[in-house]
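S.K.: The sequence shown begins at 0 in numbering that gives the first Met the number 0 and counts up by one. Using N, Cα and C, we set each Cβ at its ideal position, and we do this for glycine too. These numbers come from a predicted model, not from an experiment. Before I ask anything, let me first share the structure, which is written out below as structure tokens.
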Amino acid sequence: MRLTIAIDGPAAAGKGTLSRALAAAFGLAHLDTGLIYRAAGRRTLDGTGALEAAQSLTAADLEADDLRTPDVARAASVVAAIPEVRAALVDFQRAFARRQGGAVLDGRDIGTVICPEAEMKFFVTASDEVRAERRYAELIESGHDVTLASVLADLRERDARDSARAAAPLKPAEDAEVLDTSEMDIDTAVATAIAMVTARTGIPPVA
Ligand code: CDP
């Protein structure tokens, strides 16, 4: 059995929560590819060049505890628009996608560029306002001093940059299932996604 699940979508659409739940349900490894770009962007804030930052990432960089801040998210989307940066990060992601036992990867270009052969592809989205409210709640919960208006503006700016770039822009793969979670709570979104995977691949959940 081979199963790669690709999950793409705009900022704060719920890709992470959905990815972790699908990985658990189907017994797959999970890679949050946004963390890789965040770790590279985070290093540029210390003055490191973008390409050098991407080429010299270590496992410890991915575990830094300050990768979820608005500043790092913005830096991530700036470095992510540089084709050489993306090229430096492709092999690792492709190898992970096709690892034995299967994998879930979430990001912006998983179904289009990293793993076009994925057996299942989702494009997860929600309205701008719903996404901003979810991200605002997460940031407040983790002690950040932000306003709902600044979070909404940040998401829109990042989505515009991610969608407009020439290198691997954010867009649904032609064969992706679009999952709009604006009106769904997380349990409904997870149950819907699990059913879609089984319907398309014939593979039942293990948990
Ligand atoms: O969690 P959120 O959806 O806000 O962002 P993320 O998935 O952690 O990604 C942060 C940034 O990294 C995005 O805005 C993209 O610019 C970039 N990224 C990318 O270009 N390609 C990916 N596969 C994943 C992230």
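Please classify G40 as buried or exposed, where buried requires at least 16 other C-beta atoms within 10 Å of its C-beta.
M.R.: Answer is buried; the Cβ neighbour count reaches 16.
S.K.: Helix, strand or coil: how does DSSP classify K120 here?
M.R.: Looking at K120 - three-state DSSP - the assignment turns out to be strand.
S.K.: Based on the DSSP output, what are the partners of G106 in its beta bridges?
M.R.: Answer by DSSP bridge pairing, in chain order: D7.
S.K.: Using the Cβ count rule (16 or more neighbours within 10 Å means buried), how would you classify P9?
M.R.: Its Cβ being crowded by 16 or more others within 10 Å, P9 is buried.
S.K.: Just to confirm, does T68 get its C-beta within under 7 Å of one of the non-hydrogen atoms of the ligand CDP?
M.R.: Flag unset: Cβ of T68 not near the ligand CDP.
S.K.: When the distance is taken between beta carbons, is A125 closer than 8 Å to A12?
M.R.: The answer is yes: Cβ separation under 8 Å.
S.K.: Residues bridged to A28 by DSSP?
M.R.: Answer is A102, bridged to A28.
S.K.: Where does D153 sit, in a helix, a strand or coil, going by DSSP?
M.R.: Three-state DSSP puts D153 in a helix.
S.K.: Can you pull the DSSP bridge partners for L178?
M.R.: Answer is V123.
S.K.: Work out the CA separation of P82 and T32 for me, nearest whole Å.
M.R.: T32 and P82: Cα-Cα distance of roughly 16 Å.
S.K.: Sorted by chain position, which residues of the same chain lie with C-beta nearer than 8 Å to L34's C-beta, five sequence neighbours on each side aside?
M.R.: Taken in chain order, the residues that qualify are L61, L66.
S.K.: Which same chain residues, not among the five before or five after T43, have their C-beta less than 8 Å away from its C-beta?
M.R.: A49, A52, A74, V77, V78.
S.K.: At 4 residues or longer, and completely inside the region 24-83: list those alpha helix (DSSP H) runs for me, N to C.
M.R.: Those alpha helix (DSSP H) runs which fall completely within the region 24-83 and span 4+ residues are 32-43, 49-54, 58-61, 69-78.
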